[in-house]
Amino acid sequence: MLRRASLQVDISGINDAGLTPLHQAVLDGNEAAVRLLVTHGADINKQDEDSWTLPAQRDMRKLFSFFWRTVQTKVY
C-alpha cells in the first residue's frame, strides 16, 4: 500500500481517535507496524490530539513507573 504512487497517504495524519498511525502502533505494541511507519517517514515528534509526542509519553511512563515503584516500597 505504501508503494503505490497513485495513493496519497498522510503517514503522520491523526485518526478519529486522535492518534497518528505511529501512536496507535506503539499503543498496540505492534513492532512491525512501528518499524514500517518509521522506515517510511512517520514523524516520531508529531503531536497527537492531546498534544503528546511519543518521546514525551515515554518520559511520562518512566516517571509514573518510578513513582509507583517508590510508593509501593514504602509502608504507611
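Letter 51 of the sequence shown, counting from 1, is numbered 51 in full-length UniProt numbering, and no numbers are missing. Note that the Cβ used here is the ideal one computed from N, Cα and C, for glycine as well.
In this structure, the straight-line span from the alpha carbon of A42 to that of A33 is close to 11 angstroms.
In the three-state reduction of the DSSP assignment, V9 falls in the coil class, being assigned neither a helical nor a strand state. Here the alpha carbon of I44 sits roughly 33 angstroms from the alpha carbon of Q72. The three-state secondary structure of E31, taken from DSSP, is helix.
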